[in-house]
Amino acid sequence: MTSPAKADDEVVRAPRPQPRRGVSLGDAGPPIALVVIIGIFSLLSPDFRTIANLQNVMDAAAVLAVATCGISFVLMMGSIDLSVPGVMGASAIAVALLVANNRNDNDLGLLGVLVAVLLGAALGCLSGMALVSLKVPSFMTTLGVSAVGLGIATLMFSGVQPNISDAMLRGWAVNRFLGLAYLTWIALGCVLVGWLIQRYSRLGRYAYAIGGAEEVLALSGVKVAPYKVAVFTLAGSFYALAGVMVTSQLSAGLVQAGKGYDFAAITAAVVGGTLLTGGRGGVLHSAVGVLLVIVLQNGLVQIGVSPYWQGGVQGLIVVAAVSAAVLPQRRRNQVTK
Amino acid sequence: MTTNLQPHPETDASAPVNALEVRGLVKHYPGVKALDGVDLVVRQNEVLGLAGENGAGKSTLLKALVGLVRPDAGEIWVRGEKVRLRSVVEAADHGIGMVFQEQSLVPNLTAAENIVLGSEGPGVRRGIYRWDTMRKLAQEQLDKIGSHIDPLARTDSLSFAERQMVEIAKVLRIEERTSHPPVIILDEPTSVLESKEIETLFSQVRRLREFASVVFVSHRLDEVLDVCDRVAVLRGGQSVGETPTAGAVPSDLHRLMIGSTGSDDHYHEGLSERSVADSEPRLVVKGMSGKTFRDVDLDVRAGEIVGIVGVHGSGREDVCRALFGAEPTLAGEVTLDGAKLDLSGTRAAVASGIGYVPAERKIEGMVGPMSVADNMTLTKQKSRCAGPMVVPQKQATLVDKWIERLSIRTPHRGTQIGRLSGGNQQKVVLARWLVAGDIRLLLLDHPTRGLDIGARSEVYRLMRELANSGVATVLLADSLEEAIGMSDRIIVMNDGRATKEVACPSGGKPTPLDLVKEMV
Chain Z
326 MTSPAKADDE
336 VVRAPRPQPR
346 RGVSLGDAGP
356 PIALVVIIGI
366 FSLLSPDFRT
376 IANLQNVMDA
386 AAVLAVATCG
396 ISFVLMMGSI
406 DLSVPGVMGA
416 SAIAVALLVA
426 NNRNDNDLGL
436 LGVLVAVLLG
446 AALGCLSGMA
456 LVSLKVPSFM
466 TTLGVSAVGL
476 GIATLMFSGV
486 QPNISDAMLR
496 GWAVNRFLGL
506 AYLTWIALGC
516 VLVGWLIQRY
526 SRLGRYAYAI
536 GGAEEVLALS
546 GVKVAPYKVA
556 VFTLAGSFYA
566 LAGVMVTSQL
576 SAGLVQAGKG
586 YDFAAITAAV
596 VGGTLLTGGR
606 GGVLHSAVGV
616 LLVIVLQNGL
626 VQIGVSPYWQ
636 GGVQGLIVVA
646 AVSAAVLPQR
656 RRNQVTK
Chain E
5 MTTNLQPHPE
15 TDASAPVNAL
25 EVRGLVKHYP
35 GVKALDGVDL
45 VVRQNEVLGL
55 AGENGAGKST
65 LLKALVGLVR
75 PDAGEIWVRG
85 EKVRLRSVVE
95 AADHGIGMVF
105 QEQSLVPNLT
115 AAENIVLGSE
125 GPGVRRGIYR
135 WDTMRKLAQE
145 QLDKIGSHID
155 PLARTDSLSF
165 AERQMVEIAK
175 VLRIEERTSH
185 PPVIILDEPT
195 SVLESKEIET
205 LFSQVRRLRE
215 FASVVFVSHR
225 LDEVLDVCDR
235 VAVLRGGQSV
245 GETPTAGAVP
255 SDLHRLMIGS
265 TGSDDHYHEG
275 LSERSVADSE
285 PRLVVKGMSG
295 KTFRDVDLDV
305 RAGEIVGIVG
315 VHGSGREDVC
325 RALFGAEPTL
335 AGEVTLDGAK
345 LDLSGTRAAV
355 ASGIGYVPAE
365 RKIEGMVGPM
375 SVADNMTLTK
385 QKSRCAGPMV
395 VPQKQATLVD
405 KWIERLSIRT
415 PHRGTQIGRL
425 SGGNQQKVVL
435 ARWLVAGDIR
445 LLLLDHPTRG
455 LDIGARSEVY
465 RLMRELANSG
475 VATVLLADSL
485 EEAIGMSDRI
495 IVMNDGRATK
505 EVACPSGGKP
515 TPLDLVKEMV
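If you're matching them up, the sequences are chains Z and E in order.
Using our numbering, read the first sequence as starting at 326 and increasing by one per residue.
Using our numbering, read the second sequence as starting at 5 and increasing by one per residue.
Structure follows, in structure tokens:
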């Protein structure tokens, strides 16, 4: 009998991950890409590298940043959320009817904004409840909730567009502080709050853990269902705030306020390095992703790419970015769905 | 050295109370009796080894001890008190914790979070993390085992060995829940470790013994003898004996694990007529290396069944998958009937007449919701098609022919394969490679896993028929007896290398013990 220490040390064992401390290459990719893209556009276009354009980019990113902030938590869990357009539409109309407007005599001001956000939270909660209690995949529940949101928005809209006269809400889009619109500061605040939740709250950490290894949480005696509902609720409030911001920009409540923000938000999050399979990425990643998408849009205009080409070029760049991100994890006979 | 079969454990008032005691535990699964009246005693401050072959019931027993499996009958006693364990949390309340074989840590959290997961206590107040407190709590646990891991390191940045330390630190949290010394179960803790790390783990286990009882499960018998005070052996869901480790050697244990040899020789029936023509080898593998195996030489003649045996981690599964192109190879040359074999992917393998029956039948072997007919013609589409179109009549004739030939018991060819019994499913999976009639080499990865005795012998009969018709077969058997009974020749693999070839002709079969000597 030999000692358990095997004599043969050359043996090839299953590959083991090398210790990774600090920032990994996967995490550093999107910020590097952002810097590179900004560099390229700055070289190509003098119009791009102006302070005014930088302000444009930041202001254009505000709404998407808030929506993406919310969806990041859902994606971190490995779920998906398609309810963005519905929630944004519902909150956009709701806030328009609650602050001073041309349809009724309401003038709730900031309280109106709060109510609209709570409406979004309720819709998010509905998504989460359907997921955990009916065991319907989030893809379908959130698609349904989006339709519900649009339905509520359409009912409230009832054929006449509510234009807002509330000075505060209109001012958010127009007034500037340190060169940036108030809305942009709100977005930055959301990213900060989102990051704090992700880093310091049990909700944020568990969302991350659910995406990493949900079964381990169950083995450790953690009930995951309440956390899933809470994450969808939190995400819903972020979308609702994004809807309010659109109303502020347009000075009017539109059912279609959130149109296209579902896939834009998912794209931004994924480009930023958040995996759709969950467990990786986060709010800061998503913020970088949002900037990447917006800079790309803005830069392609600045360097004079024909608008007919822009959609296609953007799409190609997004696919290239995402495939670069998953490259290290590829293996033979991998099933991709 | 003697092995004494212990009588039914009795509680003796004068003796110190046992830390954990299992009496007559029974657990049925459909078609299998996983536990068939297991008795086990874990004394205080001892390291008890648990040994047994695959399917002996070890993992079911362990799961029952931590509340993941509810036994159908039998009792579990903790420190002289009868308990019912319905969840991991309840088991932890009684001081029983397990370090799982597949590591159960959340990879993207910090070590500290994993250690306190689910019982953060003062680490989280009103839903807000106190990272400082959290780190202190984790550090206390790590100190217990003298580990110097940074509690705030991300778990997936740690080595396997370090992660295992984190798991042990995590399990020791159960000390906070109970005032009694805990019982720590280590399920195959060494399977992912390297030799130096194993030594560290062993000193850790000895350290644990100072204040806890440990149940240690490993495939490597030398390790069990090295670190344990006593070993209990399971076979076929029953406790078949136990022995103190002092003075014992692996073959003693192995004799208990495999029982009296030759007791079930249904493998041998019809074997006497089989002999392999002395022809040129059909499959020749020279110096094949991959991630988990190195320099493997292998040859199989037409009509020959070659078994590959080895313990968990010997790399034999990966060799099998590599031959089918499902696992990348780094070096080596493989020829089939003299022609160089393309190992770049599974399509090439299928095109050269290689068939593969995977171990995970339900996941890799079949498409559950599809019909028997569609499953059978899945790979060889041409067999049921004219041009790009499926010809239902052609498929029906072909499938019905094979259903009859292999006597597959299915109501109809259109029945979902998921509704058949395991044995019949496996026959459909086998038939998939036979319908086109161009099969030259069959790779069978645990073809009888999860099948009952009757279904097994039908699969054996089928394997022999195929071999007699000239198919070359590589077999990774479920047990040593199966390998010996079915193979004409056996290759022993050890830590990624083919270390020994054993002739295995009818009438001159080696015993399991002969093979075990080469395996461990």
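Quick reminder that beta carbons are idealized off the backbone N, C-alpha and C, glycines included.
Quick caveat, the model's predicted, so the values are computed rather than measured.
CA-to-CA distance, residue j to residue i, given in whole angstroms
{"i": "Pro525/E", "j": "Val432/E", "result": "This structure cannot settle anything about residue 525/E, because the visible part of chain E is limited to 5 through 524."}
{"i": "Gly564/E", "j": "Met413/Z", "result": "Coverage of chain E is limited to positions 5 through 524, which leaves residue 564/E absent and any answer about it impossible."}
{"i": "Gly529/Z", "j": "Ile396/Z", "result": "13 Å"}
{"i": "Ala483/Z", "j": "Ile591/Z", "result": "In the sequence as displayed, the identity of residue 483/Z is Ser instead of Ala. Each residue's alpha carbon lies about 30 Å from the other."}
{"i": "Leu9/E", "j": "Gly314/E", "result": "Any reading at Leu9/E must be qualified, since the residue scores a pLDDT of 43, below 50, and its modelled position is unreliable; no value is offered."}
{"i": "Gly155/E", "j": "Lys504/E", "result": "The identity of residue 155/E in the sequence shown is Pro, whereas the question assumes Gly. Pro155/E and Lys504/E: Cα-Cα distance of roughly 45 Å."}
{"i": "Gly71/E", "j": "Val93/E", "result": "8 Å"}
{"i": "Ala487/E", "j": "Leu39/E", "result": "24 Å"}
{"i": "Gly317/E", "j": "Gly251/E", "result": "27 Å"}
{"i": "Leu65/E", "j": "Glu192/E", "result": "14 Å"}
{"i": "Gln105/E", "j": "Leu190/E", "result": "8 Å"}
{"i": "Pro514/E", "j": "Arg423/E", "result": "39 Å"}
{"i": "Asp384/Z", "j": "Gly536/Z", "result": "32 Å"}
{"i": "Trp510/Z", "j": "Leu621/Z", "result": "21 Å"}
{"i": "Leu470/E", "j": "Gly357/E", "result": "14 Å"}
{"i": "Lys548/Z", "j": "Asp406/Z", "result": "22 Å"}
{"i": "His270/E", "j": "Arg460/E", "result": "Reliability of the predicted coordinates at His270/E is poor, the pLDDT of 49 falling under 50, and no value is obtained from them."}
{"i": "Pro344/Z", "j": "Ser161/E", "result": "Low per-residue confidence applies at Pro344/Z: pLDDT is 39, beneath 50, and the placement is therefore not dependable, though the value from the model is reported in the following sentence. Cα to Cα, the separation comes out at about 4 Å."}
{"i": "Gly606/Z", "j": "Ser648/Z", "result": "16 Å"}
{"i": "Leu302/E", "j": "Glu462/E", "result": "28 Å"}
{"i": "Val506/E", "j": "Ile494/E", "result": "5 Å"}
{"i": "Cys508/E", "j": "Arg305/E", "result": "14 Å"}
{"i": "Asn49/E", "j": "Glu85/E", "result": "18 Å"}
{"i": "Gly329/E", "j": "Glu321/E", "result": "12 Å"}
{"i": "Glu166/E", "j": "Gly614/Z", "result": "34 Å"}
Expected contact under 8 Å - CB spacing of residue i and residue j to nearest Å
{"i": "Gly427/E", "j": "Leu382/E", "result": "Not quite, the Cβ-Cβ distance comes to about 19 Å (not below 8 Å), so this is no contact."}
{"i": "Ser490/Z", "j": "Asn427/Z", "result": "7 Å"}
{"i": "Asp230/E", "j": "Val51/E", "result": "Rounded, the Cβ-Cβ distance is 10 Å, inconsistent with contact."}
{"i": "Gln143/E", "j": "Ile172/E", "result": "The pair is not a contact, with the Cβ atoms about 14 Å apart (cut-off 8 Å)."}
{"i": "Gly434/Z", "j": "Gly561/Z", "result": "Their Cβ separation, rounded to whole angstroms, is 22 Å, which puts Gly434/Z and Gly561/Z out of contact at 8 Å."}
{"i": "Arg409/E", "j": "Val376/E", "result": "Contact doesn't hold; Cβ gap of about 14 Å is too wide."}
{"i": "Ala392/Z", "j": "Tyr533/Z", "result": "Rounded, the Cβ-Cβ distance is 20 Å, inconsistent with contact."}
{"i": "Ala95/E", "j": "Leu69/E", "result": "7 Å"}
{"i": "Leu400/Z", "j": "Thr599/Z", "result": "5 Å"}
{"i": "Val42/E", "j": "Gly241/E", "result": "7 Å"}
{"i": "Val187/E", "j": "Ser217/E", "result": "5 Å"}
Unbroken alpha helix (DSSP H) run spanning residue i, endpoints
{"i": "His258/E", "result": "Pro254 to Ile262"}
{"i": "Asn378/Z", "result": "Ile376 to Met401"}
{"i": "Gly489/E", "result": "Leu484 to Met490"}
{"i": "Gly336/E", "result": "Looking at the DSSP string, Gly336/E is not in any alpha helix (DSSP H); the run it does join, the beta strand (DSSP E), is Thr333 to Leu340."}
{"i": "Ala476/E", "result": "Looking at the DSSP string, Ala476/E is not in any alpha helix (DSSP H); the run it does join, the beta strand (DSSP E), is Ala476 to Leu480."}
{"i": "Ala421/Z", "result": "Val409 to Leu423"}
Boundaries of the beta strand (DSSP E) in which residue i is found, first to last residue
{"i": "Val565/E", "result": "Summary: the structure shown does not reach residue 565/E, with chain E confined to residues 5 through 524, and so no result is reported for it."}
{"i": "Ser293/E", "result": "Pro285 to Gly294"}
{"i": "Ile188/E", "result": "Val187 to Asp191"}
Any non-hydrogen atom of the ligand SAH closer than 6 Å to residue i Cβ
{"i": "Leu334/E", "result": "The model depicted lacks the ligand SAH and carries no ligand whatsoever."}
Item to complete: Any chance you could list the beta strand (DSSP E) runs of at least 3 consecutive residues sitting entirely within the region 424-472 of chain E, in chain order?
Response: 445-449
Discussion item. For the region 83-97 of chain E, list every residue whose C-beta sits within 8 Å of some C-beta in chain Z, in sequence order.
Written reply: Answer set for the region 83-97 of chain E: Ser91, Val92, Val93 and Ala96.
Practice prompt. For the region 180-209 of chain E, enumerate the residues whose C-beta is nearer than 7 Å to any C-beta of chain Z, in chain order.
Written response: Glu198, Ser199, Ile202 and Glu203
Worksheet item: Whole alpha helix (DSSP H) runs in the region 72-159 of chain E with 4 or more residues, listed along the chain?
Response: You should have 92-97, 115-120 and 135-148.
Discussion item. If we require 4 or more residues per run, which alpha helix (DSSP H) segments fall completely within the region 566-629 of chain Z?
Written reply: 586-596 and 608-627
Discussion item. By the 7 Å beta-carbon criterion, what residues does the region 517-536 of chain Z contribute toward chain E?
Written reply: Tyr525, Ser526, Arg527, Leu528, Arg530, Tyr533 and Ala534
Practice prompt. Please name the residues in the region 456-477 of chain E whose beta-carbon is closer than 9 Å to at least one beta-carbon of chain Z, in chain order.
Written response: none
Discussion item. Suppose only complete runs of 4+ residues qualify. What are the alpha helix (DSSP H) ranges in the region 201-255 of chain E, listed by chain order?
Written reply: 225-231
Item to complete: Please list the residues of the region 624-641 of chain Z that have a C-beta atom closer than 8 Å to any C-beta atom in chain E, keeping them in chain order.
Response: none
Practice prompt. Taking only beta carbons into account, state which residues of the region 585-616 of chain Z come closer than 7 Å to chain E, listed in chain order.
Written response: Gly604 and Arg605
Practice prompt. Pick out the complete alpha helix (DSSP H) segments inside the region 349-423 of chain E, 4 residues or longer, and give them in chain order.
Written response: 350-355, 376-380 and 396-409
Worksheet item: What are the residues of the region 119-131 of chain E that lie near chain Z, defined by any Cβ-Cβ distance shorter than 8 Å?
Response: Taking 8 Å as the Cβ-Cβ cut-off against chain Z, the residues of the region 119-131 of chain E that qualify are Leu121, Gly122, Ser123, Glu124, Val128 and Gly131.
Worksheet item: What are the residues of the region 22-51 of chain E that lie near chain Z, defined by any Cβ-Cβ distance shorter than 8 Å?
Response: Of all residues in the region 22-51 of chain E, none has a C-beta nearer than 8 Å to a C-beta of chain Z.
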